[in-house]
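Following: one structure in structure tokens, then a few remarks.
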Amino acid sequence: MIRKRAFATAQTQRAATHHFVLPLNVLVRTIMSKKPPKLSLSDLSNFRDALATESAAREAERIAAAKRAAQAKRDANVFRDSVGEIAPLASKGSTNRVEHPRFPPEPVARQTEEDEAAVLHESLSDEFDPEALLDTDDRLSYRRPGISHDAVLKLQRGDWVVQAQIDLHGMRRDEAREALSTFLHDAVKRGLRCIRVIHGKGLGSVNREPVLKDKVRGWLAQKNEVLAWAQAQGRDGGGGALVVLLQASQARGARAGD
């Protein structure tokens, strides 16, 4: 009797320690017996409007995509009809390349200066003889028609301030002619009025003949910008140099006694 009671007590304790589990069929019947929540007419109307809005948005996107595709196709057809058939460029290798010049072209400004220098160089002739234009006095001088004799006297006395000079002594004829042309062009461009040209006395030339001296006088007499020139004073080079008066320009020159 005591043993039966102890066994019943143990069974009761084990049942208390475990969760109570319903049978599967009972659980299914319980879930199915629950009724879904009831929806009002307002809820159904809102749900229907949301579905309609979403459907309209999808349809609008589909129509817009179709329009874009059709426009792209029309553009491609117009471009193809405009350019016609396209043939690939012929090339030596397997890759088409654009040939670029190895050196860039000369700047326009520099080319213009070179052209002007060439014109100055060509305008000075070695065949020009200035003897008929020279004043006959103890020191040879030159003045362009219309220039007063007083301008030459001021050159001879050194009244004009020499603003720049070039030394041609020791140069060959072609070198001296080009250097003088460039120097004159630069002096006129800078607005200078009085310059000095050193040509040397020719004592070191063949047969001691002053070839460059005569050529320089002829070159200067051919330039329209040269108004007059005279042999320099002894302290300024004497017979080996000329003092040259240039035509006035917009730039202001310097002259003593003005």
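With numbering that gives the first Met the number 0, the residue at position 161 of the sequence shown is 160, and numbering never jumps.
Beta carbons are placed, not taken as given, at the ideal position from N, Cα and C, and that holds for glycine.
Quantities reported herein were computed from a predicted structural model and do not represent experimental measurements.
How is residue i classed by DSSP in three states: helix, strand or coil?
i	result
I62	helix
S54	helix
K200	coil
G145	coil
G169	coil
S44	helix
G236	coil
For the alpha helix (DSSP H) holding residue i, just list the boundary residues, first then last.
i	result
A227	Counting along the chain, A227 falls outside any alpha helix (DSSP H), though it belongs to the beta strand (DSSP E) covering 225 to 230.
R240	Just to set this straight, residue 240 is Ala in the shown sequence, not Arg. Here A240 belongs to no alpha helix (DSSP H); instead the beta strand (DSSP E) covers 240 to 245.
S180	172 to 189
W159	Where W159 is concerned, there is no enclosing alpha helix (DSSP H), given that its DSSP letter is neither H nor E.
G261	This structure gives no information on residue 261, because the portion of the chain shown stretches from 0 to 257.
Does the separation of the CB atoms of residue i and residue j fall below 8 Å?
i	j	result
A220	L244	no
A229	Q155	yes
L211	L179	no
A240	I197	yes
D235	R192	no
Taking the alpha-carbon positions, what's the residue i to residue j distance?
i	j	result
A59	Q70	17 Å
G217	Q232	20 Å
R284	D213	With the chain running from 0 to 257 in the structure shown, residue 284 is simply not present.
E63	K72	Going by the sequence as given, residue 63 is Ala instead of Glu. Distance between the alpha carbons of A63 and K72 is about 14 Å.
V77	R61	25 Å
R47	E53	10 Å
R143	V225	8 Å
A75	N45	46 Å
L43	R57	22 Å
I165	F182	7 Å
G169	G157	25 Å
D149	K222	21 Å
K153	G145	16 Å
V215	H184	15 Å
R189	S147	24 Å
A65	L50	23 Å
E177	V242	19 Å
A175	V151	25 Å
Starting from residue i, trace the beta strand (DSSP E) in both directions and tell me its first and last residue.
i	result
V196	193 to 197
R142	140 to 142
Q164	163 to 166
Taking its Cβ as the centre, do 16 or more other Cβ atoms sit within 10 Å of residue i, making it buried, or is it exposed?
i	result
G199	buried
V160	exposed
G237	exposed
S140	buried
L40	exposed
E121	In this predicted model, E121 has a pLDDT of only 46, less than 50, meaning its place in the structure is not dependable; the value taken from the coordinates is given anyway. Per the 10 Å Cβ criterion, exposed.
A68	exposed
A131	Only weak support is given to the placement of A131: the predicted model assigns it a pLDDT of 46, under 50, and the question is left unresolved by the model.
A186	buried
Answer yes or no: does any C-beta atom of chain C fall closer than 8 Å to that of residue i?
i	result
T181	In summary, chain C is missing from the structure at hand, where a single protein chain is found.
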